[in-house]
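Residue numbers (the working numbering): -6 to 207. Every residue, glycine too, gets a C-beta built ideally from N, C-alpha and C. Notes for the one structure printed next.
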Ligand code: ZN
Ligand code: ZN
């Protein structure tokens, strides 16, 4: 049961192809685990298609844009894609492609206190890393210079905000200082992506800003 989701700004920027590679990975990984965000993303893809068509001067009935927005407002979804088969293993498919396998294929490096990390190869405008946190262990308290997305893949952690279990994604911004602590039991494995020193807002295309409250 996923309780922490992507926000509209991230889904729209992903749909418009405006996110750094590391953020694309985190969004794709969450969406592949989350029916709700997948349905919202499909709606944004539809809106984006209409906006692009309008921009390129193709005459398109106003109705199609209005109808799409009405459908989104009504919360009525377009037909959902059939539930994706959940493969065995810890990593969702987009992440397995990066790692070249599942959890046992990761080349971890110790960062102390039993915590391990592995940086994934992505464009430099943002960083993607896998974190392995033994049960009961805390990740050092830290602030954020930009936006940090943390997707839980195994186990769970708690911080000042809430509890995050498999599939949950925490969106942390500069306002948040937090100390994530892995729950007792299975080690917590997360995908964490950060855009510092860039700011996420700079990736949101201007054309989408009227739809967003940012
Ligand atoms: Zn979601
Ligand atoms: Zn953080």
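Three-state class that DSSP yields for residue i in the structure shown
{"i": "residue -3", "result": "coil"}
{"i": "residue 168", "result": "coil"}
{"i": "residue 124", "result": "strand"}
{"i": "residue 42", "result": "helix"}
{"i": "residue 141", "result": "strand"}
{"i": "residue 30", "result": "helix"}
{"i": "residue 9", "result": "coil"}
{"i": "residue 81", "result": "coil"}
{"i": "residue 89", "result": "helix"}
{"i": "residue 185", "result": "strand"}
Own chain partners of residue i with C-beta closer than 6 Å, once the 5 adjacent residues on each side are dropped
{"i": "residue 88", "result": "22"}
Inter-residue spacing [alpha-carbon to alpha-carbon] between residue i and residue j
{"i": "residue 118", "j": "residue 82", "result": "29 Å"}
{"i": "residue 38", "j": "residue 16", "result": "17 Å"}
{"i": "residue 9", "j": "residue 30", "result": "15 Å"}
{"i": "residue 183", "j": "residue 33", "result": "23 Å"}
{"i": "residue 142", "j": "residue 40", "result": "25 Å"}
{"i": "residue 154", "j": "residue 120", "result": "23 Å"}
{"i": "residue 178", "j": "residue 165", "result": "25 Å"}
{"i": "residue 139", "j": "residue 4", "result": "18 Å"}
{"i": "residue -1", "j": "residue 97", "result": "27 Å"}
{"i": "residue 152", "j": "residue 169", "result": "11 Å"}
{"i": "residue 75", "j": "residue 25", "result": "Because residue 75 sits at a pLDDT of 48, beneath the cut-off of 50, its placement in the model cannot be relied upon, and the following sentence gives the value as read from the coordinates. When rounded, the distance between both Cα atoms is 12 Å."}
{"i": "residue 106", "j": "residue 13", "result": "30 Å"}
{"i": "residue -5", "j": "residue 20", "result": "14 Å"}
{"i": "residue 163", "j": "residue 93", "result": "25 Å"}
{"i": "residue 43", "j": "residue 6", "result": "15 Å"}
Within-8 Å CB hit, residue i to chain C
{"i": "residue 170", "result": "Judged by its chain identifiers, the structure shown contains no chain C, having just a single protein chain."}
7 Å CB neighbourhood of residue i in its chain, flanking five on each side removed
{"i": "residue 51", "result": "Low confidence applies here, because residue 51 scores a pLDDT of 43, under 50, leaving its location unreliable and the question unanswered by this model."}
{"i": "residue 111", "result": "99, 100, 101, 102, 122, 123"}
{"i": "residue 175", "result": "126, 127, 128, 129, 130, 148, 150, 181"}
Spatial neighbours of residue i in its chain, beta-carbon cut-off 8 Å, leaving aside the 5 residues before and after
{"i": "residue 108", "result": "124, 125, 126, 127, 130, 132"}
{"i": "residue 18", "result": "87, 88, 91, 113, 115, 121, 184, 186"}
Identified DSSP bridge partners for residue i
{"i": "residue 15", "result": "Per DSSP, none; premise fails for residue 15."}
{"i": "residue 146", "result": "Paired residue(s): none; residue 146 is not in a bridge."}
{"i": "residue 36", "result": "DSSP, once it has assigned bridges, lists no residue as partnering residue 36."}
{"i": "residue 108", "result": "105"}
{"i": "residue 135", "result": "171"}
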